[in-house]
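Residue numbers (the numbering used here), protein chains in the order written: chain A, 23 to 198; chain B, 23 to 198. Virtual Cβ for every residue (Gly too), placed ideally from N, Cα, C. Structure first, then comments.
Protein chains: 2
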Amino acid sequence: MVVEEKTISSDRVYTGKVISLRVDTVEIERQGYQKREIVEHGGAVGIVAITEDKEIILIKQFRKPLEKVLWEIPAGKLELGENPKECAIRELKEETGYSAGNLKLIHKFFTSPGFSNEKIYIFLATDLILGECKFDCDENIEIYKLGLEEINEMIQKNEIEDAKTLTGILLAKELI
Amino acid sequence: MVVEEKTISSDRVYTGKVISLRVDTVEIERQGYQKREIVEHGGAVGIVAITEDKEIILIKQFRKPLEKVLWEIPAGKLELGENPKECAIRELKEETGYSAGNLKLIHKFFTSPGFSNEKIYIFLATDLILGECKFDCDENIEIYKLGLEEINEMIQKNEIEDAKTLTGILLAKELI
């Protein structure tokens, strides 16, 4: 049976801008005490944005933890008090200049449930309208529009290496 | 253009059992200095194990960061010096009792590239043989075998909420 883990104590190790870290001591029935390292994250959204020509918008972005540029769907962190849909509208606009006539939540998932509470909301965006591009000056990205066939090939070649992007595209493919 | 971020300094905040945390100060061309919070992780594997009857093995596991039981594929962390395939063989055996006659790497991805270097290797395991069950006493899990139709329905209802499980199953579905 899956038993829950009772928190005995909780130590805050670090409070940061994107993440915070705490270490909990838990008690597990018949197994005694263990430590759980927990990275707290405020949640994020990812947007599978599909153009009239059935192209998907992808972004190239440098990711410091990997020292590598990754292909990703437009995405971003929830601001304090912001709901996921508002966040998706804002991030799509900031990163790509597009607004979506139709924006639908298609899934929610946890990226690393073993050590983090990060939750990502995936939206499908269609009926796109390109507005005035007011890019966020903090962003350091390149924007592409790619056909589904090309993206399938990139997935097969393992050129798409970001979990939310893979999951978002694979889920969206079943809906479009 | 996507420019890289040059590390100016790096502060180690925490060194733990599953993760460690460092904060880098980076210099970005035309943008000045920024902080990057980076959760270091040694990598992990996930196994989409498919029985002769085309059922997929899923596990129910309590995840402390979410205070919730999740449906997941068998998975586990790489031990020091262990290669991903060895890890997949070990974890499948420890968590389910099965050995795979056929074990194939189908994808590698990063779960949270914004703040962590965690990389997951997904294996497709077929030709399963149930051996003597030597379950790891540290594991607190329930094991299920579910048909693809039932799993599809669970995905549609958002009952599968773990990124590696969603990605692994969606990728495997295209291969089986």
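Could you tell me the distance, in whole angstroms, from the CA atom of lysine 142 (chain B) to the CA atom of alanine 66 (chain A)? The sequence shown places isoleucine at residue 142 (chain B), not lysine. Going from the Cα of isoleucine 142 (chain B) to the Cα of alanine 66 (chain A) covers about 20 Å.
Strictly under 7 Å for the Cβ-Cβ distance: is proline 96 (chain B) near chain E by that measure? Here chain E cannot be found, since the structure's protein chains are A and B.
Which residue wins for smallest C-alpha separation from proline 135 (chain B), given the options B:Thr187, B:Gly103, B:Gln53 and B:Ile60? That would be B:Ile60, whose Cα lies nearest to the Cα of proline 135 (chain B).
Please look up how many angstroms separate the CB atoms of valine 70 (chain A) and glutamate 164 (chain B), rounded, as I've assumed it's under 8 Å. 33 Å between Cβ atoms; not a contact.
Any C-beta of chain B under 7 Å from that of lysine 82 (chain A): The beta-carbon of lysine 82 (chain A) is placed less than 7 Å from the nearest beta-carbon of chain B.
Can you find the residues in the same chain that come closer than 7 Å, C-beta to C-beta, to valine 35 (chain B), ignoring five residues on each side of it along the sequence? Leu43, Arg44 and Val45
How close, in whole Å, do the beta carbons of leucine 127 (chain A) and threonine 189 (chain B) come, if the pair is a contact with beta carbons under 8 Å? Not quite, the Cβ-Cβ distance comes to about 18 Å (not below 8 Å), so this is no contact.
Close beta carbons around glutamate 140 (chain A), own chain, < 6 Å, minus the five adjacent residues each side: Within the same chain, glutamate 140 (chain A) has close Cβ partners His63 and Thr133.
Taking DSSP's pairing of strands, which residues face phenylalanine 131 (chain B) in a bridge? B:Ile142
Report yes if the C-beta distance between isoleucine 72 (chain A) and isoleucine 78 (chain A) is below 7 Å; otherwise report no. yes
Rounded to whole angstroms, what is the Cα-Cα separation between lysine 115 (chain B) and glutamate 27 (chain A)? Whole-angstrom Cα-Cα distance: 24 Å.
Please classify arginine 52 (chain A) as buried or exposed, where buried requires at least 16 neighbouring CB atoms within 10 angstroms. With fewer than 16 Cβ atoms within 10 Å of its Cβ, arginine 52 (chain A) is classed as exposed.
Other residues of its chain near leucine 92 (chain B): CB distance less than 7 Å, five sequence neighbours each side excluded: Excluding residues within five positions, the ones whose Cβ falls inside 7 Å are Gln83, Arg85, Glu183 and Asp184.
Expressed to the nearest angstrom, what Euclidean distance is found between the alpha-carbon atoms of cysteine 159 (chain A) and glycine 98 (chain A)? Low local confidence applies: a pLDDT of 47 at cysteine 159 (chain A) is under 50, so the model's placement there is unreliable, with the coordinate-based value given in what follows. Their Cα atoms are separated by approximately 14 Å.
Using a Cβ-Cβ cut-off of less than 9 Å, list which residues of the stretch 24-41 of chain B approach chain A; keep chain order. Val24, Val25, Glu26, Glu27, Thr29, Val35, Tyr36, Gly38, Lys39, Val40 and Ile41
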